[in-house]
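The block underneath contains the structure these notes are about, expressed in structure tokens.
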Amino acid sequence: MNNRTVVLVLSAVLIAAVLSGCVQEVDKTAPLTEMEVSLSISNAPALNQTAELTCTVTSIKDAPNTMAQIKLPEGFELVSGDLLWRGDVTKSSQKSFNATIKSVKTGNWTIEAIAESKLEDGKPSEFYRATDHVHIVLGNITASISKTPPSMIPSKGETVADWSKSRELGPMGPNTHIGAISMADGYLNKNLGSSFVSEHFECLGIEKHSSAPHIWWIIYKYRSNEYEMNMSITISTDVGLGGCSGIIASPQEITLSAEDAEAIASDKGLESPKAGELWVTARTNRIAWIVTTQKKALEIMETRSYYIDAENGDILGEGKYVPQMPLPEESRNKTRTKPKFIPYSEIMNETINKSAQG
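Just so you know, we're using the working numbering here: the sequence shown kicks off at 476 and counts up by one.
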């Protein structure tokens, strides 16, 4: 995020100078358009009731090294199943996994599903990414679900609970792309420190979905000790800063290798462990190695993976094996739309043009 802070009153010449130090790197990143993820829920669970989530990943191209994750807000907890799946998605095929969850706290909550795939073996940083959401208004006796967030505009300084991690919000959200990035940058600098952010983060751009046009995902590339991964912050054009479950909540380095993580999982009794990609866990907002057993025949509720902190080696959680259920017909027949990705370079050019016209 060096040279990322943009003050709109700067002259177009100064903004162009900022651009000269960052556009070339961003142009190497491919738009996130080739993959779709669908998140469905079996019922609207009132307080202390359960429901089953089904996450399905499809791709119009071969999508190797795919990782899909369901991110639960604090209003829900996992009962059984798995919140993460890792593997390859072949062209025009689909993969699905299930999780049984329980509601534990009233409020307005968003459950998010994210799927990512990127090429390996030193190839350019081409990657696919998709997200989907289920929004739940949870009461003591009743609950309702929808694919769009409930309408709410908090007063200044009000803390709201309809995002996976509640934050203090302003009276309204940004109405420009650069404003959304500035808001996300401000959150990072406040919580992680500007020096840490400058050294480790690079803004890639903004992702939008037609199903939720007022929600923008600010996508970042995070780098530490030759490792890199994508993180995201959700910005609502209605209320401002939204979900921060896709990004670390405090400074963290990646000092644990994949081999070290596999050794830790092996010590815990995981047979033939294999470390996958790095991931920000939903519960802890910490970067973790997802280490999965290569054992083929698993018993129901047998441990199939460990989430191991990539800095200190702590066990942050584990995944259990639950047989996949048939994909619901409504999910199979769902009309899928591609998300729109706006690269950072395009946003900066947009800002320059507006500044020149003004």
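Even for Gly, the Cβ is constructed at its ideal location relative to N, Cα and C.
Next item on the list: Using the Cα positions of Val564 and Glu728, report the straight-line distance between them to the nearest angstrom.
Entry: 30 Å
Margin query: Let me check one thing: in DSSP terms, what residues is Asn583 bridge-paired to?
Written below: Val612
Next item on the list: Specify, as a first and last residue, the run of the beta strand (DSSP E) that Leu553 falls within.
Entry: 551 to 556
Next item on the list: Taking Ile576 and Leu613 to be in contact with their CB atoms under 8 Å, please state how far apart those CB atoms are, rounded to whole angstroms.
Entry: At roughly 11 Å, the Cβ-Cβ gap does not stay under 8 Å, so Ile576 and Leu613 are not in contact.
Check: Cα separation between Leu773 and Ser707?
Finding: 33 Å
Margin query: Once the 5 residues before and after Thr730 are set aside, which same chain residues still bring their CB inside 6 Å of it?
Written below: Glu786
Margin query: Distance cutoff 8 Å, beta carbons only. Does Glu682 sit that close to anything in chain D?
Written below: The structure shown contains no chain D, having only a single protein chain.
Notebook entry, point to check: Between the Cα of Ser725 and the Cα atoms of Lys743, Phe671, Val609, which residue gives the shortest distance?
Noted result: Phe671
Item checked: Cβ-based burial, Ser573 [other Cβ within 10 Å; buried from 16] -> First, the amino acid is wrong: residue 573 is Asn here, not Ser. By the neighbour-count rule (16 or more Cβ atoms within 10 Å), Asn573 is buried.
Check: Hey, Asp660 and His689: beta-carbon distance below 8 Å or not?
Finding: no
Next item on the list: Can you tell me the Cβ-Cβ gap for Ile817 and Lys743, rounded? I've got them flagged as a contact below 8 Å.
Entry: Actually they are not in contact, since the Cβ atoms of Ile817 and Lys743 sit about 43 Å apart, beyond 8 Å.
Check: So the beta strand (DSSP E) Lys749 belongs to, where does it begin and stop?
Finding: 748 to 755
Next item on the list: From the DSSP output, in three-state form, read off Gln769 for me.
Entry: coil
Next item on the list: Classify Val755 as buried or exposed, calling it buried when 16 or more other Cβ atoms lie within 10 Å of its own Cβ.
Entry: buried
Margin query: Using only the alpha-carbon positions, how far apart do Ala580 and Gly550 sit?
Written below: Sequence check: residue 580 is Lys here, not Ala. So the two alpha carbons sit approximately 4 Å from each other.
Check: When the Cα of Cys678 is compared with those of Asn518, Leu528, Ile822, which residue comes out closest?
Finding: Ile822
Notebook entry, point to check: What number of angstroms, rounded off, separates the C-alpha of Val501 from the C-alpha of Ser820?
Noted result: Because the pLDDT at Val501 is just 29, under 50, the model does not fix this residue reliably, and the value given afterwards should be weighed accordingly. Their backbone Cα atoms lie some 7 Å apart in a straight line.
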